[in-house]
Amino acid sequence: MPELTLALIYHDVVARHERDTAGFPGPVAGVYKLEPDRFSAHLDALAASGIEIGLYGDGSRAMLTFDDGGASALWVAGELERHGWRGVFFVVTGRLGTPGFIDADGVRELRSRGHEVGSHSNTHPAYMARMEPDELADEWVTSRERLAEILGSPPRGAAVPGGSVSEHVVEQAVRAGYEQIYTSTPRARVRRVGASTVIGRYTIWAADPPQLAAAFARGARLPRARRLVAWELKSAAKRISPRVYEAARAARARR
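First residue of the sequence shown? That's 1429 in this note's numbering, and the numbers climb one at a time after it.
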């Protein structure tokens, strides 16, 4: 039977009027940032569903992952711990210690509290799939080396930023030594590339209700199918005209 992993993507958790203080600033990044009360409601809904949540390879059915390494990461970790859970935090290593992001001490604290820390690239390029192989290699290798320096051992996982995934993006991550490559492709079935595992994830938006997060984690087919269709349409728009796509995306975020 194919291996299934239900992984959710969250970003920063911050009050609406303080959105630019955690993670990447601006209205586009803001559509991914949940307010604290809403995030707590998401966790409560997940807990009420009875789904086992943990880290990849520990036998859990679902995972909670957090992209960017924004300043709310340690608070988020505490909320997970209230439920007895641990999450995976993917950090942009080039942003560590800069305004809005955790620093090296924060990375070490996450690890010491039982959470996993992985790479979200070194600079968070907007369109990784359009980069040259040597540029891709530099993003993955530089980030992995920086995390190994901070943590004393290299990270297991890496998450592709910006939803810009392709086979050569994945292959370069595999060559860099990552054991797990996480994408934002909303699929539960994992696949192998060489000795590494590629894991899809379901993005959670600020407006998503708690029940939707629980449905994704349960593996409910209809919500997952709807999210996949939306993702495929968005991916097609990005391929056809990135400029038009980004303009439309910014306009929607400002509403």
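By construction, the Cβ of each residue, glycine as well, lies at the ideal position given by its N, Cα and C atoms.
- For residue 1481, no alpha helix (DSSP H) encloses it, and the DSSP letter there is neither H nor E.
- Exposure of residue 1533 is indicated by the presence of fewer than 16 other C-beta atoms within 10 angstroms of its C-beta.
- Taking every protein chain shown into account, the CB of residue 1592 has 16 or more other CB atoms within 10 angstroms, so this residue is buried.
- Closest in alpha carbon position to residue 1439, among 1498, 1623, 1667, 1555, is 1498.
- Linking residue 1492 to residue 1666 through their CA atoms gives a straight-line distance of about 26 Å.
- Assignment of residue 1587 by DSSP, reduced to helix, strand and coil, places it in the strand class.
- With 16 or more other Cβ atoms inside 10 Å of its own Cβ, residue 1572 counts as buried.
- Residue 1648 sits in coil when the DSSP states are folded into three classes, being neither helix nor strand.
- In this structure, residue 1494 sits near residue 1504, with a CB-CB distance shorter than 9 Å.
- Taking all protein chains shown into account, residue 1544 has 16 or more neighbouring C-beta atoms within 10 Å of its C-beta and is therefore buried.
- DSSP places residue 1437 in the uninterrupted beta strand (DSSP E) bounded by 1434 to 1438.
- Annotation: residue 1619 is outside any alpha helix (DSSP H); the continuous beta strand (DSSP E) that includes it extends over 1619 to 1621.
- If you ignore the 5 residues before and after residue 1643, its C-beta comes within less than 6 Å of the C-beta of 1651, all in its own chain and listed in chain order.
- In terms of CA proximity to residue 1595, 1560 leads the group 1656, 1540, 1560.
- Residue pairing by DSSP places residue 1609 opposite 1586, 1626 in a beta bridge.
- Of the candidates 1535, 1558, 1490, the residue whose Cα lies closest to the Cα of residue 1615 is 1490.
- Annotated as proximal: residue 1546 and residue 1608, with beta-carbon spacing under 9 Å.
- Residue 1585 is not a Cβ neighbour of residue 1551, given a cutoff of 9 Å.
- Counting other Cβ atoms within 10 Å of its Cβ, residue 1465 stays below 16 and is therefore classed as exposed.
- Taking C-beta atoms as the reference points, residue 1520 and residue 1582 fail to come closer than 9 Å.
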